[in-house]
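As structure tokens, the structure follows; a few thoughts come after it.
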Amino acid sequence: MTDPLYAELLQLAREAARRAGELLRDGRPADLEVAATKSSPIDIVTEMDIAAEKLITGLIAEHRPDDGVLGEEGGSTEGTSGVRWVIDPLDGTVNYLYGLPTWAVSIAAEQDGETVVGVVAAPMRGETYHAVRGGGARATGAWEGERTLTCRPAPPLDRALVSTGFNYVTEVRAHQAGVAQRLIPLLRDIRRGGSAAVDLCDLACGRLDGYYERGLHPWDLAAGDLIAREAGALTGGRPGERPSWDLAVAATPGVFEPLQRLLEDFGAWRD
Ligand code: IPD
Ligand code: CA
Ligand code: CA
Ligand code: CA
Numbered sequence: 001m002t003d004p005l006y007a008e009l010l011q012l013a014r015e016a017a018r019r020a021g022e023l024l025r026d027g028r029p030a031d032l033e034v035a036a037t038k039s040s041p042i043d044i045v046t047e048m049d050i051a052a053e054k055l056i057t058g059l060i061a062e063h064r065p066d067d068g069v070l071g072e073e074g075g076s077t078e079g080t081s082g083v084r085w086v087i088d089p090l091d092g093t094v095n096y097l098y099g100l101p102t103w104a105v106s107i108a109a110e111q112d113g114e115t116v117v118g119v120v121a122a123p124m125r126g127e128t129y130h131a132v133r134g135g136g137a138r139a140t141g142a143w144e145g146e147r148t149l150t151c152r153p154a155p156p157l158d159r160a161l162v163s164t165g166f167n168y169v170t171e172v173r174a175h176q177a178g179v180a181q182r183l184i185p186l187l188r189d190i191r192r193g194g195s196a197a198v199d200l201c202d203l204a205c206g207r208l209d210g211y212y213e214r215g216l217h218p219w220d221l222a223a224g225d226l227i228a229r230e231a232g233a234l235t236g237g238r239p240g241e242r243p244s245w246d247l248a249v250a251a252t253p254g255v256f257e258p259l260q261r262l263l264e265d266f267g268a269w270r271d
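Read left to right, the sequence shown gives residues 1 to 271 (full-length UniProt numbering).
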């Protein structure tokens, strides 16, 4: 039976992700512009990132005022309950700006530092993915319906479809391009979807065999990492470490280790 606290957190996360997803899908101005830049000129934020985060943090404050919050767009507060929400209100802002459909709302809840609930809503796909620690991962959606998520069986590495992403900082990107260049001949192919959260959920759905990226923040990873793990994926960082800014690797068992080893050989976490 699901812990009643986890059930409450899941319900709130699903409601917040649904409402933020609808706001982003239905409220996107046709003339949407970049409102500000962050770590580099291509690291953008729009008024809709900010509006979605306000909606989510407002709903959490209304229902669970003692919880802490870490939100990408600065909506962060200290809490006293031991629960902290880790929020990416719009993962895939560049896709969203251009009108590409791959973007998501990502909401995770941590209890005493461990992710216990993760929800990723991808409104343009009509799909939402969710997981509770120890309770498996599920998806709802029109295409494949409501279902339990399981990674696909591992192919040999040279038949593996692996997704990645590129950070916004020029030096990091240049190094990442070099790593990808060395990997491509060793894999079936590489994808660059534009949303880390969707990449991790695609792995959970069996639509990818693996995913890796350097330079991710906790809000990019938190919900998708739990959903991927609960679907049977292995996730980590550099060998023996958890996923971090240095490196996040996630893959179906059998692809994880060889992929992590190659990334280590290629020095994927160096700039
Ligand atoms: C980005 C996306 C992208 C990844 C970047 C992230 P944002 O998040 O997840 O796929 O490659 O590293 O920063 O800025 O669109 O929320
Ligand atoms: Ca961003
Ligand atoms: Ca993000
Ligand atoms: Ca974001």
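Think of the CB as a built atom: it goes at the ideal place given N, C-alpha and C, for glycine as much as any other residue. These numbers come from a predicted model, not from an experiment.
| query | result |
| --- | --- |
| What does DSSP give as the partner residues of glutamate 114 in its beta bridges? | Gln111 |
| Starting from the C-beta of aspartate 189, find all residues in its chain whose C-beta is less than 6 Å away, skip the five residues before and the five after it, and write them out in chain order. | Leu161 |
| Is it the case that the stretch 81-88 contacts the stretch 102-120, given that we only count it when at least three CB pairs across the two stretches are under 8 Å? | yes |
| Quick check: the Cα distance between leucine 10 and aspartate 88, rounded to an integer number of angstroms? | 16 Å |
| Mapping the DSSP letters down to three states, classify valine 34 as helix, strand or coil. | coil |
| Just to confirm the assignment, what range does the alpha helix (DSSP H) spanning threonine 140 have? | Looking at the DSSP string, threonine 140 is not in any alpha helix (DSSP H); the run it does join, the beta strand (DSSP E), is 137-141. |
| Does DSSP classify threonine 77 as helix, strand or coil? | strand |
| Given 8 Å as the limit, is there contact between the stretch 191-203 and the stretch 236-246, that is, 3 or more CB pairs closer than that? | no |
| Identify the continuous alpha helix (DSSP H) that holds tryptophan 219 and give its terminal residues. | 218-230 |
| Hey, how far is the Cα of threonine 140 from the Cα of valine 45? | 29 Å |
| I need the straight-line Cα distance from valine 179 to threonine 164, nearest angstrom please. | 11 Å |
| Residues with a Cβ closer than 5 Å to any heavy atom of ligand 3, in chain order? | Asp88, Asp91 and Asp220 |
| Can you say whether alanine 177 is buried or exposed, counting buried as having 16 or more other CB atoms within 10 angstroms of its CB? | exposed |
| Going by alpha carbons, who is nearest to isoleucine 184 out of Arg14, Leu157, Val169 and Pro218? | Leu157 |
| To the nearest angstrom, how far is the alpha carbon of alanine 196 from that of alanine 154? | 21 Å |
| Around the C-beta of threonine 148, are 16 or more other C-beta atoms found within 10 angstroms, so that it is buried, or is it exposed? | exposed |
| Quick one: is tyrosine 96 buried, meaning 16 or more other Cβ sit within 10 Å of its Cβ, or exposed? | buried |
| Please determine if the stretch 58-71 and the stretch 32-45 are in contact, where contact requires at least 3 C-beta pairs separated by less than 8 Å. | no |
| Does at least one heavy atom of ligand 4 sit under 6 Å from the Cβ of glutamate 72? | yes |
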